[in-house]
Amino acid sequence: MEILGLLLLKLLVVLFLGNQFLYQVQVNTKLLVLIMVKFIRQLILVILGIIPIMLELVLGFQHVYQVLDNTKLLFLQLAQVLVFILQIYLWVSQVHRDSKDLKV
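For the sequence shown, numbering that gives the first Met the number 0 assigns the number 0 to the initial residue and increments by one for each residue that follows.
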């Protein structure tokens, strides 16, 4: 009878510990799910916060490229003006040389 009582006590302890274990697993699972939901929420907020920053960076780089393109166009126009001035100088030199040849 004592052995049966000990076995019954052991069975009750195992059942109690099993229930405690299951309860703890359920609590831990709920906490884990809550932590995951909070993490996902924070991640979404971070992503939503990064999007405007990324857009500003893209617009900033676009502005820089636009300035570089405008600068490139400015240098091309300056080169065209210099070529035009050089052509005028060469034409004037040629006319001056031709006029010297005619005087002699």
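The beta-carbon is built from N, C-alpha and C at its ideal position, and this holds for glycine as well.
Look at the alpha carbon of LEU8 and the alpha carbon of GLU1, and state the distance between them as a whole number of angstroms. 10 Å
Which residues in the same chain as PHE47 place their Cβ atom closer than 6 Å to its Cβ, once the five residues preceding and following it in sequence are excluded? The question names Phe, but residue 47 is Leu in the sequence shown. Excluding residues within five positions, none has a Cβ falling inside 6 Å.
For GLN61 and LEU54, the rounded distance between their alpha carbons: 10 Å
Could you tell me the distance, in whole angstroms, from the CA atom of GLN65 to the CA atom of ILE52? 20 Å
Any idea what DSSP makes of MET0, helix, strand or coil? coil
Just how far apart, CA to CA, sit LEU21 and LEU30? Taking the straight line from one Cα to the other gives about 14 Å.
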